Structure formats: structure tokens, C-alpha cells
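Residues in the sequence shown are numbered from 4 upward in steps of one, following the numbering used here.
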Amino acid sequence: MGAAGNVRVLRVLATDPAGHSAPHLARTAGLSPQGTRLVLKTLSQQQLVTVRGSGRSQLYFLNEASPLAQAVSGLFQSEQQRWDTLLARIRAMLAKHGPHLMAAWVYGSVARGEDTAQSDVDVALLVSDQAAAERVRDDLADLGAAQQLEISVVALTPSELAALPPDDQWWTGVIEDGKVLKGVAPQVAKRHADKTPA
């Protein structure tokens, strides 16, 4: 499959068999429009991708007639199932921590779908206190070890979240990439924290 761009586009096509336009593939795969066009050209030449339609109404599909299509589909569907199972286990574990864990988000390369084999799973927590953070961190470490992956945790209390400046680079990344594991979206949590007296 070669380059990372090829993998990203094939992942989208294999996990969602509906046709996709080039702009939609670019957004979904996290690639530039030009990069996506180059990837689609390469994959078409390799006969892994077929094109239907013409002009602006072109849609791209995984070429089911390709000898590699079934293997590629199986690989990415297995990857998606593993991810869905992992998220379900994380959510179930987080739910057991009750009100001391107010919110949790997965963010970073895994949330963006840009992870590599070396990527860890980045999780941000909003907790009542650091003792709650340590309990959650320990449980996530155990879960990560069982799944043979690293889960990196950053935990904040509401007052620490309120103290973050609006342009904090890390927090901006959490807002842009964050997927809710528990509680509310990150920007909603920040608004609530900003309104809460210290």
C-alpha cells in the first residue's frame, strides 16, 4: 500500500463502501486536496480504486474486482472493530468512576485517524481532584497493557481547565480532535469551568 496517504484513503474506501468524492476523501482522510488527487491517481493505476461518473460528479470506490480488495477490506474492518471494542471498554471503565470523573476525551493522532504503529492513545480527563485522576490513570494503564498499547493521560481539575488561556495549543488540539468518552464536548466543559468560581 506504500505511502501513508494511500493507507488513509484505502481505509475510508474499505470501511465505507459508498462512493466518495475526492474532496470528501481529502477531509475524511486528513489529506490535502492535491495529495488526495495524487493518491487516487496512484491507486487507480494499481487498480485498487475505481471511478464512476465524470467531472465534478466523480465518485471513488474500492475496486472489488481487485485481488487485493478483500484483503484490504478485511484488514481495515478488523482495525475498525478493534478500535470500536477499545473505545467501548474505555467508556465502560470510565463510567465506573462516577461523578469524580466529570469528562474524558480521546484526542491526538488516534482521534484524527493519523496514528501509526508507534502512536499512543491520548486521553484528557476532567476530574474533581488529582486522587481521582490517579485512580483513572491506573485503570487506563491496566487496560492499555491488556490491549498491548500505551494510553497517555492528561488530567485537569475544573480550576486548572479554567486557568488555561483560550489560545493554549494543547487545549486547542483537544477541542479540534477530541472525541467524547464521557461527559460533554471539551469546549462545553471549558465554558462551564470558566463560569465556575475558583
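Ideal placement from N, C-alpha and C gives every residue a C-beta, glycine not left out. Please read these numbers as outputs of a predicted model, since none were measured by experiment.
Residue state for ALA106 is assigned as strand, using DSSP reduced to three classes. For THR31, same chain residues with a beta-carbon under 6 Å away, outside a window of 5 residues either side, are VAL15 in chain order. The alpha carbon of VAL126 has as its nearest neighbour, out of ALA192, VAL139, GLN80, the alpha carbon of VAL139. For SER155, there is no enclosing alpha helix (DSSP H); the enclosing beta strand (DSSP E) has its first and last residue at 154-159. When DSSP states are grouped into helix, strand and coil, LEU90 belongs to the helix group. Looking at the backbone, the Cα of LEU164 and that of GLN50 are separated by about 50 Å. Runs of the beta strand (DSSP E) lying entirely within the segment 114-152, each at least 3 residues long, are 124-130 in chain order. Residue range 182-185 is occupied by the beta strand (DSSP E) that includes LYS185, with no alpha helix (DSSP H) assigned at that position. Within the segment 26-85, the complete beta strand (DSSP E) segments of 3 residues or longer fall at 52-55, 62-65, listed in chain order.
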